[in-house]
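Add 112 to the 1-based position in the sequence shown for my numbering, that's all there is to it.
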Amino acid sequence: MKDNKKQHQVPFFSFSALFTEREKDYLRIFQDVASRGGFILQRDVDELEENIKKLLNVKHAIAVADGTNAILLGLRALEIGLGDEVILASHSFVAAAQSIHYTGATPVPVDLAEDFLIDPESVEKAITPRTKAIMPVHVNGRVCPMDDLKDIAQRHNLLLLEDAAQALGAKYKGQPSGTIGRFGTFSFYPSKMLGCFGDGGILVTNDDNLGRRVLLMRNHGADPDQNKKIVSWGTNCRLDNIQAAILNFKLKHFANDIARRRVIARQYHEAFHEIEDLNLPPAPDSDPDYFDVYQNYEIESGRRDELREFLAERGIGTIIQWGGVPIHQMAFLGFNQNLPKTDRFFERCLLLPMNHMLSDEDVNYICDTVHEFYRR
Ligand SMILES: *Cc1c(COP(=O)(O)O)cnc(C)c1O
113 MKDNKKQHQV PFFSFSALFT EREKDYLRIF QDVASRGGFI LQRDVDELEE NIKKLLNVKH
173 AIAVADGTNA ILLGLRALEI GLGDEVILAS HSFVAAAQSI HYTGATPVPV DLAEDFLIDP
233 ESVEKAITPR TKAIMPVHVN GRVCPMDDLK DIAQRHNLLL LEDAAQALGA KYKGQPSGTI
293 GRFGTFSFYP SKMLGCFGDG GILVTNDDNL GRRVLLMRNH GADPDQNKKI VSWGTNCRLD
353 NIQAAILNFK LKHFANDIAR RRVIARQYHE AFHEIEDLNL PPAPDSDPDY FDVYQNYEIE
413 SGRRDELREF LAERGIGTII QWGGVPIHQM AFLGFNQNLP KTDRFFERCL LLPMNHMLSD
473 EDVNYICDTV HEFYRR
């Protein structure tokens, strides 16, 4: 830097800010929960499940240990397992593929379309007699093209499941993400849309039978309506009660937090849409069918690595999602698909800082710095 003015710093995500943002409230919550010994499956978990049911207008919500296990329990409850195949996008977190693997089934990654989301054509090509389910992943807080996927699922008699870990609050044609398929799962990992102070997740469904099975499985098969009598096989996959208490508080601010992300997305869009080298996500409200929540703001740049370094030198943190490796490139996990669109995307993709805690100053600084890069 030329002058001795302190450089503006915008980390990609500040985990400590999640706490300091409303420190006094959180201290009060910790004290309240701990002093009443509310550690395991207490009223806060019940309240969280009620809150999520209301938010998403869905019949069942079962809080679990994390988003990965939410997928695993949902798949097992549907008896997906050995010999089955489940199709998902390669542009996704390996967690989804791993949950499929852990049921005994085979994850089948497919290519992405122009909108960076799972490509229905690629899905259709990957269907075999063993295919049991399609699990679109609503990457970055935008719901996948569910009508097309529903149509494919119906024609081939497949289950449609949603990994909505990144899309709590997003909607497609007015319908909340996670409630369109047979089940939907969310993650409360700290940097997700609604983050707790550790791990957390939830599964939602309108299927009574599925909801009950997951409820039993997450707590050793103990039936809460029969004085915890063991009525089935299960495991320990409970959400910590203290995390539920934090999430119930954070839900009060959730609509504002989403609105803030959308304001930032609009600002990025206005700042960057004329830069030819960049490919941007759709702007908020650019298509009435979609309500996007911008878990991430993922751009494509032909000069990605250079841009990333330029931003880093100026104190701006960026990330290449999934460590820069899409699922199908993980040959060591046995994948060998040829997905040219995903390969090309991963040479160009970059996540800019995106969360409700960014200030106007931060966002302006990021916009100015990207412009400075392209002016040189
Ligand atoms: C975060 C994430 C998960 C896993 O969630 P955890 O709570 O970390 O287990 C699964 N799928 C996607 C797309 C994610 O982004």
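From the three backbone atoms N, C-alpha and C, an ideal C-beta is built for every residue, glycine too. The structure displayed is predicted, hence computed values, not measured ones.
From the DSSP output, in three-state form, read off residue i for me.
i: G346; result: coil
i: A276; result: coil
i: Q441; result: helix
i: F485; result: helix
i: D352; result: strand
i: C479; result: helix
i: S299; result: strand
i: S413; result: strand
i: H381; result: helix
i: L153; result: coil
i: N391; result: strand
i: G290; result: coil
i: F422; result: helix
i: I431; result: strand
i: H213; result: helix
i: A245; result: strand
Could you tell me whether any non-hydrogen atom of ligand 1 is closer than 6 Å to the CB of residue i?
i: S303; result: no
i: T180; result: yes
i: G313; result: yes
i: V249; result: yes
i: A217; result: no
i: F458; result: no
i: S299; result: yes
i: D275; result: yes
i: Q210; result: no
i: F205; result: yes
i: Q278; result: yes
Within 10 angstroms of its Cβ, does residue i collect 16 or more other Cβ (buried), or is it exposed?
i: I152; result: exposed
i: N476; result: exposed
i: Q143; result: exposed
i: Q338; result: exposed
i: T240; result: exposed
i: A424; result: exposed
Rounded C-beta distance between residue i and residue j? I'm assuming under 8 Å.
i: Q278; j: N252; result: 6 Å
i: V249; j: M442; result: Wrong, their Cβ atoms sit about 16 Å apart, outside the cutoff.
i: L185; j: V326; result: 5 Å
i: G281; j: F366; result: 7 Å
i: L392; j: I370; result: Not really, about 19 Å apart at Cβ, beyond 8 Å.
i: I428; j: T481; result: 6 Å
i: N467; j: F125; result: 6 Å
i: G346; j: G333; result: 3 Å
Nearest to residue i by CA position, among the options, is which residue?
i: K165; options: R487, F300, T317, L462; result: T317
i: R148; options: L261, L463, N353; result: N353
i: I525; options: D404, S413, D369, Q379; result: As displayed, the chain neither begins before 113 nor continues past 488, which places residue 525 out of reach and without an answer.
i: L168; options: A276, H120, L272, D196; result: A276
i: E159; options: E236, L273, L200, N360; result: N360
i: K304; options: N408, Y486, L464, C479; result: N408
i: N181; options: L464, I478, N331, L390; result: N331
i: S299; options: Y380, S234, E274; result: E274
i: Q355; options: I212, V157, N448; result: V157
i: G293; options: F309, D260, K364, D311; result: D260
i: H440; options: P232, Y402, A209, R155; result: A209
i: V255; options: Q266, C461, D231; result: D231
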